[in-house]
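This report refers to the structure that appears directly beneath it.
2 protein chains.
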Amino acid sequence: MAVWRIQTRRRCVLSRLRVHSFSVSIDGFGAGPSQDLEHPLGVGGPELVDWFFHTRTFQRMHGTGEGDPGVDDELSAQGFENIGAWILGRNMFGPVRGPWPDESWRGWWGDEPPYHTPVFVLTHYPRAPISMKGGTEFRFVTEGIEAALAQAKEAAGEKDVRLGGGVATIRQYLSARLIDELHLAISPVVLGQGEHLLNGLDLRALGYACTSHIAGGRAAAHVVLQKRG
Amino acid sequence: MAVWRIQTRRRCVLSRLRVHSFSVSIDGFGAGPSQDLEHPLGVGGPELVDWFFHTRTFQRMHGTGEGDPGVDDELSAQGFENIGAWILGRNMFGPVRGPWPDESWRGWWGDEPPYHTPVFVLTHYPRAPISMKGGTEFRFVTEGIEAALAQAKEAAGEKDVRLGGGVATIRQYLSARLIDELHLAISPVVLGQGEHLLNGLDLRALGYACTSHIAGGRAAAHVVLQKRG
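For the protein sequence lines, the chains are Z and C, in the order given. Read in order, the letters of the first sequence correspond to residues 49 to 277 in this note's numbering. Read in order, the letters of the second sequence correspond to residues 49 to 277 in this note's numbering.
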């Protein structure tokens, strides 16, 4: 039912589910092993996103420097255009696993997270919404990925929904053919271990094809996959 | 014993085992599924090497056109420099499986293959060497990858040995830490199925790191992995 509603709305307003600037290693990992509070991207994970840390887009959101312009920055910035809601996996929101012990964890991003929209966090454990500075509101969805997408599209109106990750969440949405556009940044590193983004997913059978690629600056390449039809 | 001999020789002459221009898809496949006589690269495999077909290097070896110059071509050409011997897996040499039924299969490449050196073909089934036009001699090695490397280095003298593939053969040599330099061309395609080049190999633990990357033309990116130490 939720799917039917989504598709109906898509025909009207063409709101899409987009993944942007998601970094993978040459050997295909989207996060390093052993994620925890000290290693939100897993061990070795920061090397994956090194290209993004240096962009003007990142530095203006979180950094202290000016950051570099260029193709890495342009593509980073595009990922924030026309986005009316976000979806995040639970582990992207924080290191807490299992039932919420209290209300203290409010994301990795301080008082003013960089989303400025409703952010739908997938979890098995209900929690009241959290309003943050700058328009970000974390809303916790326990009914699964399709329900989260329906709610996010409703909140986004005619804008698109951005899926922030992490790996497990993107894999679920890919398997369900719910992602319309997936921009991967291939980082010039090998991780050897971690969470593999695409293993066991037959992207071609799922209807995805590479529609564009562009050389990165610090990233080795940016590639865009889109769902056909 | 073979390994010890190889390492001793390497300290003297620095002959290296190199992989060049090996194409992988965005989802990590180095060949499509269902390889046979009609599909030497597997179904979908030609898309993987489309970038190479268009190079001047390829067209001058096998084609009818002039081919394109540029970075894809330059890197293709580098793969043929200072090479004194090649190693190929059995399935790279041809579609015949099991014992050789006769002497009729002489490779995919016609009377004058593009190697112009001794080519050591890994196989479980002995066969007499085959001399081809232009200096290529196919020699069949039944004693395993280390023996093939020792024989190839002996034949190459002070030059390097190039490992042509395929996927299973590169995986064996990587696992044994015998490859010194691995140039991968990431093609802007997804295959979904086929032979995955790196799954289950912990490249970082094996001592490999990405040492350079450069934007491709038709390829999305070229990356070079080297063994440390």
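We put the CB at the ideal spot given by N, CA and C, even for glycine. As the structure is a prediction and not an experimental result, all values here were calculated from the model.
The beta carbon of residue 196 of chain C does not come within 9 angstroms of any beta carbon belonging to chain Z, so the residue lies off that interface. Judged by DSSP in its simplified three-state form, residue 241 of chain Z adopts coil rather than helix or strand. A straight line joining the alpha-carbon of residue 251 of chain C with that of residue 110 of chain C spans about 34 angstroms.
Taking 8 angstroms as the upper bound for CB-CB distance, residue 208 of chain Z and residue 104 of chain Z are not in contact here, some 22 angstroms apart. In the three-state reduction of the DSSP assignment, residue 114 of chain C falls in the coil class, being assigned neither a helical nor a strand state.
The shortest CA-to-CA distance from residue 175 of chain C to any of C:220, C:115, C:74 and C:188 is the one to C:188. In terms of beta-carbon proximity, residue 236 of chain C lines the interface with chain Z, with at least one pair separated by less than 9 angstroms. One alpha carbon belongs to residue 193 of chain C, the other to residue 138 of chain C, and they sit about 12 angstroms apart.
If you compare the alpha carbons of C:214, C:197 and C:225 with that of residue 83 of chain C, the shortest gap goes to C:214. Rounded to the nearest angstrom, the gap between the Cα atoms of residue 129 of chain C and residue 68 of chain C is 11 angstroms. Here the C-alpha atom of residue 87 of chain Z lies approximately 22 angstroms from the C-alpha atom of residue 150 of chain Z.
Residue contact with chain C for residue 215 of chain Z: absent (no Cβ-Cβ distance below 9 angstroms to any residue of chain C). The beta carbons of residue 239 of chain Z and residue 80 of chain Z sit closer together than 9 angstroms.
By DSSP's assignment, residue 274 of chain C forms a beta bridge with C:229 and C:257. Against chain Z, the beta carbon of residue 247 of chain C has neighbours under 7 angstroms at 247, listed in chain order. Within the segment 239-267 of chain Z, contact with chain C at the beta-carbon level (separation under 7 angstroms) is assigned to 239, 240, 241, 246, 247, 250, 251, 252, 253, 256, 257, 258, 261 and 263. Shown here, residue 74 of chain Z sits in coil according to DSSP, grouped into three states, outside any helix or strand.
The CB of residue 209 of chain C never comes closer than 7 angstroms to any CB in chain Z; the least such distance is about 23 angstroms. Under the three-state reduction of DSSP output, residue 208 of chain Z falls in the strand class. Interface with chain C (9 angstroms Cβ-Cβ cutoff): residue 116 of chain Z is excluded.
By alpha-carbon distance to residue 78 of chain Z, the top candidate from Z:226, Z:224, Z:242 and Z:163 is Z:242. Taking a C-beta distance under 9 angstroms as the contact criterion, residue 72 of chain Z and residue 233 of chain Z qualify as a contact pair. Between the alpha carbons of residue 180 of chain Z and residue 186 of chain Z lies a distance of about 8 angstroms.
Here the C-alpha atom of residue 258 of chain C lies approximately 10 angstroms from the C-alpha atom of residue 235 of chain Z.
By the neighbour-count definition (other C-beta atoms within 10 Å, threshold 16), residue 124 of chain Z is a buried residue.
Going by DSSP, residue 88 of chain Z is part of no alpha helix (DSSP H) at all; its letter is neither H nor E. At a beta-carbon threshold of 8 angstroms, the residues of chain Z lying near residue 75 of chain C are 76, 246, 249 and 251, ordered along the chain. Closer than 9 angstroms to the CB of residue 271 of chain C there is at least one CB belonging to chain Z. Contact annotation, residue 165 of chain Z with residue 132 of chain Z: C-beta distance approximately 6 angstroms; criterion of less than 8 angstroms satisfied. Using beta-carbon distances, residue 92 of chain C counts as an interface residue toward chain Z, with a partner under 9 angstroms. Put simply, the CB of residue 85 of chain Z is far from chain C, with every gap to its CB atoms at 9 angstroms or more.
When the Cα atoms are used, residue 143 of chain Z and residue 267 of chain C turn out to be separated by approximately 38 angstroms. A straight line joining the alpha-carbon of residue 205 of chain Z with that of residue 269 of chain Z spans about 32 angstroms. Within the DSSP bridge table, the entry for residue 235 of chain C names no partner. Secondary structure note for residue 222 of chain C: it is in no beta strand (DSSP E), and the uninterrupted alpha helix (DSSP H) holding it is 215-223.
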